[in-house]
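These notes concern the structure reproduced below.
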Amino acid sequence: MRRLKVAGASIVAAVLLLTGCASNGEEPSGGSSDGGSGDNDLIIARAADAQSMDITSVHDNNSIKVGQHIMETLFMITPDGSSVEPWLAESYEISDDNLTYTVKLKEGILFSNGDEMTAEDVKFSIDAATATGAEGWGFVNEPIREVVVVDDYTVEFKLDQPYAPTLAVLAMFSNAIVPADYDGKTKEEFYGEGPIGTGPFVWREWNPGQSIILDKNPNYWQEGKPAVDSITWSVVPDASTRELMLLGGEIDINEEPDWSSFVNLQKQDGVTAELFPSTYMRYMSLNENYDYFADVHVRRAIGYAVDRDAIVDTVTYGNAEVANSIIMKGLPFHDDTLEGIQYDLDKAKEEMAASGFPDGFSTKLLIASGDSEQASIAQIVQASLAEIGITVEITQLDPTANKAARTSMDFEMALMAWYNDIADPDQWTSWALDADASSRAAYTDWRNEEVVALNKAAATETDEDARAELYKELQAIVAEEAYITMFYYTPYKWVVDDSVKGFHVTPLGNYHLEDVTISE
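Mature numbering (1 follows the signal peptide of the UniProt record, and there is no 0) puts the sequence shown at residues -24 to -1, 1 to 496.
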């Protein structure tokens, strides 16, 4: 069903005009200056607004998904998420010692300001991303010692030691290519006033708390794309309202609805509720600065006590898969044969009896306020741990305070989630397993030198079979240590009007709206 824009735009109009429009007052670099109200304008409703367009530093997925349609990378993940392929790059060569990656650029690709992309822009962009360090995403570039401009269309990446995920890292959103020297602006001006890139869409305006609108890039390097004239990401916090807007033909796509809404929309005509394979895992961090969580028997007891099948059935209506390994499904080297620690109440009681806390204890579980999925999981965890003598008090903090508490390790247990940004497990495993990294081992302070050594060896091993063996051993040790309680792998859930064709989400969560068409 294709929406009737004029007759059915009341809710969208109310959302966009509630507090008035606030743009930078400039015309976009191409495309229409009219609002996203034509038959070929794509409207996506989402629960929350973006936070920043600075893709080198922002950790907010709503921001990242917008930025990826303006700024592009040298390489791109394949649709199935298994590898990467050249994008702005034409080709590449790897030296025999695996220490130099020589990348040839496609010629004639223009930024939306009309300037041609060259190797100088690539060096500037990668160096700027690296400079953000642990505060941004620069840490993923640490293996790259130097970026060298060979000529206008050739760039070399120099490494001190082999690093298997190098191409995957160059495909990460934070390494998107922008004009050198930010097109004569400061970094803050460049990202704050509307960034420039080579992507299929160009900046129009941002109405904070309401919408972001991008227009079609008329000079996009992929001939015939994009097919739509504009994209509007409309902020509609209430799930029921987004559902009604989709069914009423006022939006085209409902972005990541909650599970209740998704299941309801599966039953409706005129829309398609789609589940896409992901690298997304829900889990619980156990802060080992508390004596009971430093006890491996307590951690295993918790792992055995939590009924993951009940969580999957109750929270996701059976649409997720119980987690077995630290390396998520959807990532290379996931060990599907590993059983892991699964629900077994008798074993849970045996582990508690063997621990230093056989009579149990009281603890607190931190969740994000307003997150219905976390709230449901927390209630099941609370009931499950009561069976082994652990009394759980559920505490809620708003997302900002919640993040601050996790970062400062000011919590006992906390519900967490992760999905990967590169087509390689190293981004996650290095963050989640090495306590000397910025996460302090996924906010647990767990330290295991053997696991860290295995992870570092896997990152520098370029033979795929040898890497697989290293990751297999790593996954088995982590499962037995139970340093986090893994719940489930969940697919991405989207609901799309049947008039929208070509919409696809990769296992990393990104999507290409330049491939989307709208039929009448």
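The C-beta atom is built at its ideal place from N, Cα and C for all residues, glycine as well.
Subject >> Cβ pair Ala156, Phe51 closer than 7 Å >> reply: no
Subject >> Three-state class that DSSP yields for Asp491 in the structure shown >> reply: helix
Subject >> Residue of Met389, Leu391 and Val428 minimising C-alpha distance to residue 500 >> reply: The requested residue 500 does not occur in the structure, where the chain is confined to residues -24 to 496.
Original post:
Phe149 and Ile31 look like a contact to me (Cβ under 8 Å); what is the Cβ gap, rounded to whole Å?
Top reply: 5 Å
**OP:** May I ask you to verify whether the segment 384 to 392 touches the segment 233 to 248, counting CB pairs closer than 8 Å and requiring at least 3?
**Re:** no
**OP:** For Val239, collect the residues of the same chain with a Cβ closer than 6 Å to its Cβ; drop the 5 residues on either side in sequence, then sort them by chain order.
**Re:** Tyr293
Original post:
Does the segment 195 to 215 come close enough to the segment 16 to 31 to have 3 or more Cβ pairs within less than 8 Å?
Top reply: yes
**OP:** Note down the Cα distance separating Ala362 from Pro467, rounded to an integer number of angstroms.
**Re:** 30 Å
**OP:** Pick helix, strand or coil for Asn74, following the three-state DSSP scheme.
**Re:** coil
Subject >> Contact the segment 418 to 426 vs the segment 68 to 80: 3+ CB pairs below 8 Å >> reply: no
Subject >> Cβ pair Ala417, Asn378 closer than 7 Å >> reply: no
Subject >> DSSP-derived helix/strand/coil call for Thr482 >> reply: coil
Original post:
DSSP three-state call for Gln27: helix, strand or coil?
Top reply: coil
Subject >> Opening and closing residue of the beta strand (DSSP E) in which Trp404 lies >> reply: No beta strand (DSSP E) holds Trp404; the alpha helix (DSSP H) holding it covers Asp402 to Leu409.
Original post:
Under a CB-based cut-off of 7 Å, is Val124 close to chain D?
Top reply: The question asks about chain D, but that chain is absent: this structure has only one protein chain.
**OP:** With DSSP collapsed to three states, give me the class of Asn230.
**Re:** strand
Original post:
Where does His35 land, buried or exposed, given buried means 16+ other C-beta within 10 angstroms?
Top reply: exposed
Original post:
Can you tell me whether Ala21 is buried or exposed, with buried defined as 16 or more other CB within 10 angstroms of its CB?
Top reply: buried
Original post:
Looking at C-alpha atoms only, which residue of Lys325, Ser331, Asp136 and Leu373 is the closest neighbour of Ser360?
Top reply: Lys325
Original post:
DSSP on Gln372, reduced to helix/strand/coil?
Top reply: strand
**OP:** Please classify Glu132: does DSSP put it in a helix, a strand, or coil?
**Re:** strand
**OP:** Mind checking who Ala344 pairs with in its DSSP beta bridge?
**Re:** Leu373
Original post:
Alpha carbon to alpha carbon, how far is Glu490 from Met47?
Top reply: 13 Å
Subject >> Buried versus exposed, by CB contacts within 10 Å (16 or more), Glu440 >> reply: exposed
Original post:
Pick from Gly246, Pro138 and Thr367: whose alpha carbon is nearest that of Phe337?
Top reply: Thr367
**OP:** Would you mind sorting His480 into buried or exposed? The rule is 16 or more other CB atoms within 10 Å of its CB.
**Re:** exposed
Subject >> Exposed unless 16 or more other CB atoms sit within 10 angstroms - verdict on Ser58 >> reply: exposed
Subject >> Own chain residues within Cβ distance below 8 Å of Pro55, not counting five before or after >> reply: His480 and Thr482
Original post:
Does DSSP put Ser384 in a helix, a strand or coil?
Top reply: coil
Subject >> Own chain partners of Leu341 with C-beta closer than 6 Å, once the 5 adjacent residues on each side are dropped >> reply: Ala354, Val368, Ile370 and Met389
**OP:** Could you check what DSSP says for Ile317 in three-state terms: helix, strand or coil?
**Re:** coil
**OP:** In the DSSP assignment, find the beta strand (DSSP E) that holds Ser210 and state where it starts and stops.
**Re:** Ser206 to Val211
**OP:** Give the DSSP-derived three-state secondary structure of Trp235 in the structure shown.
**Re:** helix
Subject >> Alpha-carbon to alpha-carbon, Thr313 and Pro138 >> reply: 29 Å
Subject >> Alpha-carbon to alpha-carbon, Met29 and Tyr129 >> reply: 27 Å
**OP:** Measure the C-alpha to C-alpha separation of Ala434 and Trp404 and round it to an integer number of angstroms.
**Re:** 13 Å
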